[in-house]
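Okay, structure first, notes after.
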Amino acid sequence: PQDVTLKKELTVAATSNSENANLIADGTCRSESVWTSDEEGTQTLTVSLGETYELQEITLYHAECSGFDKALNSEAFTVEIGTDAEDFRKVADVKGNSESATNLRFKKAKGNTVKITITNPGEDNIARLADIDIWGTLIK
450 PQDVTLKKEL
460 TVAATSNSEN
470 ANLIADGTCR
480 SESVWTSDEE
490 GTQTLTVSLG
500 ETYELQEITL
510 YHAECSGFDK
520 ALNSEAFTVE
530 IGTDAEDFRK
540 VADVKGNSES
550 ATNLRFKKAK
560 GNTVKITITN
570 PGEDNIARLA
580 DIDIWGTLIK
């Protein structure tokens with residue numbers, strides 16, 4: 450498996466502040482590269498991988514990873530994998546997170562799109578993600 454977020458054809462869209470959503474896939478947790486929503490409440494990020502992979506592991510790096518207060522880490526979120534932004538299958542449903550990084554391992558899932566829905570963004574209700582690693586193998 451390889452970290453497919455390091456590929457050039459990756460694009461990221463968000464329900465809020467989409468123009469800065471690609472910051473979650475730049476390979477760093479620097480404070481200046483944290484995606485932050487413009488609005489309070491539930492937020493969704495959709496990562497289009499450009500090609501189809503057999504995915505098996507995702508790591509999300511939260512606000513604390515970039516030097517923000519731990520209370521601003523995403524507390525609850527789901528991760529889904531789909532093909533062409535359709536037919537999504539939930540691979541993770543996290544509640545009560547307080548860690549700066551969340552490593553999610555799951556049964557292999559085929560897809561070219563990963564959807565992250567942050568349902569509880571943390572103390573100030575503003576969603577933030579510092580980085581994401583998506584591990585998988587290209588399907589040829």
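Start counting at 1 in the sequence shown, then tack on 449, and there's your number in my numbering.
Just so it is clear, CB atoms sit at the ideal spot from N, CA and C, and this is done for glycine as well.
Flag this pair as yes or no: are the beta carbons of Ser-497 and Gly-571 separated by less than 8 angstroms?
-> no
Between which two residues does the beta strand (DSSP E) containing Arg-554 stretch?
-> 550–569
Going by beta carbon distance, what residues of the same chain come within less than 7 angstroms of Thr-477, once the five residues before and after it are set aside?
-> Asp-580
Answer yes or no: do Asn-471 and Val-461 have a C-beta to C-beta separation smaller than 8 angstroms?
-> yes
Check Val-453 in the structure and name its three-state DSSP category.
-> helix
Applying the criterion that 16 or more other CB atoms from any shown protein chain within 10 Å of the CB defines a buried residue, is Ser-465 buried or exposed?
-> buried
Between the Cα of Asn-552 and the Cα atoms of Ser-467, Asn-561, Lys-559 and Val-540, which residue gives the shortest distance?
-> Val-540
For Lys-544, which option in Ile-567, Glu-458 and Lys-557 has the closest C-alpha, if you only look at C-alpha atoms?
-> Ile-567
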